[in-house]
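Participant: Residue numbers are given in the working numbering: position 242 of the sequence shown equals residue 294, and the series is strictly consecutive. Here it is, the structure, as structure tokens.
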Amino acid sequence: MTLDISHDTSRDAIVGDATLTASRHSARLDVDAIASDNTIDELAARGHADLAAGDLRAAERDLLDLLEVATVAQREAEVLRLRATELEGLVRAHSTELEEHQLETFQRLAVMAEFRDTDTGEHTIRVGDLSAEIGRELGEDAAWCEDIRLAARLHDIGKVAVPDSILLKPGPLTPEEFEVMKTHTTIGAQILSGSSSPLIELGSIVALNHHERWDGTGYPSGRQGVDIPRCARIVAVADVFDALTSVRVYKHAWSHDDALAHVLAGRGAHFEPEIVDAFQRVIDRRLSASNAPVLRP
Ligand SMILES: [Fe+2]
Numbered sequence: 053m054t055l056d057i058s059h060d061t062s063r064d065a066i067v068g069d070a071t072l073t074a075s076r077h078s079a080r081l082d083v084d085a086i087a088s089d090n091t092i093d094e095l096a097a098r099g100h101a102d103l104a105a106g107d108l109r110a111a112e113r114d115l116l117d118l119l120e121v122a123t124v125a126q127r128e129a130e131v132l133r134l135r136a137t138e139l140e141g142l143v144r145a146h147s148t149e150l151e152e153h154q155l156e157t158f159q160r161l162a163v164m165a166e167f168r169d170t171d172t173g174e175h176t177i178r179v180g181d182l183s184a185e186i187g188r189e190l191g192e193d194a195a196w197c198e199d200i201r202l203a204a205r206l207h208d209i210g211k212v213a214v215p216d217s218i219l220l221k222p223g224p225l226t227p228e229e230f231e232v233m234k235t236h237t238t239i240g241a242q243i244l245s246g247s248s249s250p251l252i253e254l255g256s257i258v259a260l261n262h263h264e265r266w267d268g269t270g271y272p273s274g275r276q277g278v279d280i281p282r283c284a285r286i287v288a289v290a291d292v293f294d295a296l297t298s299v300r301v302y303k304h305a306w307s308h309d310d311a312l313a314h315v316l317a318g319r320g321a322h323f324e325p326e327i328v329d330a331f332q333r334v335i336d337r338r339l340s341a342s343n344a345p346v347l348r349p
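See the structure below:
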């Protein structure tokens, strides 16, 4: 804020960022602070009046009053600035703490989900990693891929409610048992849905939809095509490929090539074609990386 008072005066003063400059023909006050406009207007008007009346001393006193107002305002502004900075720091620390708590809760949920995984938790981790790689191959941004890597770990969390007699049955399931097994999708969604955490909400979507099929023949809802959330369409490919290449109580581990051929055969039926193509590129890259010669210095 700048105030100008013109008359024959002569005075200079500097206090902090407020500068009072009075010359023979003008007086100017730069106020780089918050001040009461009414107070300043009133003082400035008095200064003008004093100068008009030829009372130089009175004008100087008014200018000094103005300067004092500016200095006080500047001090108050500095206090406000410090308080705002302190509050900002508190909010930032609290947010980080909340995010850390949220992530820890999520990881504990993932551990719980993995207790029901017959592959000591490795399956869910591999499905998460492969899903994230497919996501990156599809051009999804890094944050989304990281979210899907974590959310995919919860895809089978609903199995906590499936009895061991069904979950760990060494042979094929009866139609009734299969119906019970299917409920792990809806139960998983019930466990995770309604969360204020976007990550857990994503986990809920994945849990509910990872057994849906592109052609609409999946479960629990028979959703079809792009009506199936994209995250679940990606996890579906990763889940099937990894399950086939793993040993289960009811099956041996398929060879890498057989599992790959199975997924490719499901292109456009079980799985979205674009996602299968991205998956194939990821697998090819993994293979060429594992076959790359080790260079010695
Ligand atoms: Fe599942």
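The C-beta atom is built at its ideal place from N, Cα and C for all residues, glycine as well.
1. Using CA atoms only, rank isn't needed, just tell me which of P281, N343 and F331 is closest to E189.
2. Specify which residues have a beta carbon nearer than 7 Å to any heavy atom of ligand 1, listing them in chain order.
3. Of the residues G277, H100, E253 and T238, which one's Cα is nearest the Cα of K211?
4. Does the beta-carbon distance from A184 to I200 come in below 9 Å?
5. Using a 10 Å radius around the Cβ and a threshold of 16 neighbouring Cβ atoms, would you call Q126 buried or exposed?
6. Thinking just about the alpha-carbon of each residue, which of D102, A204 and V232 is nearest to the one in S217?
7. For L225, collect the residues of the same chain with a Cβ closer than 7 Å to its Cβ; drop the 5 residues on either side in sequence, then sort them by chain order.
8. Relative to the alpha-carbon of L161, which residue among I327, C283 and E253 has its alpha-carbon at the smallest distance?
9. If distances are taken between C-alpha atoms only, which option among D294, I280 and Q276 comes closest to D309?
10. Give me whichever residues DSSP pairs with F293 in a beta bridge.
11. State the DSSP-derived secondary structure class of K234, mapped to helix, strand or coil.
12. Where are the alpha helix (DSSP H) runs, 4 residues long or more, that stay fully inside the stretch 263-315, in chain order?
13. Taking 6 Å as the limit between beta carbons, can you name the residues of its chain near L182, skipping five residues before and five after?
14. Assuming A204 contacts V315 (C-beta within less than 8 Å), just tell me the rounded distance between them.
15. Determine the DSSP secondary structure at R389, reduced to helix, strand or coil.
16. State the start and end residues of the unbroken alpha helix (DSSP H) segment that holds G180.
17. When DSSP builds the beta bridges, which residues end up paired with R113?
18. In its own chain, which residues sit with a C-beta less than 6 Å from the C-beta of R168, not counting the 5 before and 5 after it?
19. Do the stretch 148-158 and the stretch 190-197 make contact, defined as three or more Cβ pairs closer than 8 Å?
20. Between the Cα of L312 and the Cα atoms of D336, G320 and E229, which residue gives the shortest distance?
21. Which same chain residues, not among the five before or five after E326, have their C-beta less than 8 Å away from its C-beta?
Facilitator: Reading off the structure:
1. F331
2. H207, D208, H236, T237, H262, H263 and D291
3. T238
4. yes
5. buried
6. V232
7. I218 and M233
8. E253
9. D294
10. Beta-bridge pairing links F293 to no other residue.
11. helix
12. 282-296
13. A290
14. Their Cβ separation, rounded to whole angstroms, is 16 Å, which puts A204 and V315 out of contact at 8 Å.
15. No statement about residue 389 is possible, as the shown extent of the chain runs from 53 to 349 and does not include it.
16. E174 to E189
17. Bridge partners of R113: none, in fact.
18. K211 and V212
19. no
20. D336
21. L190
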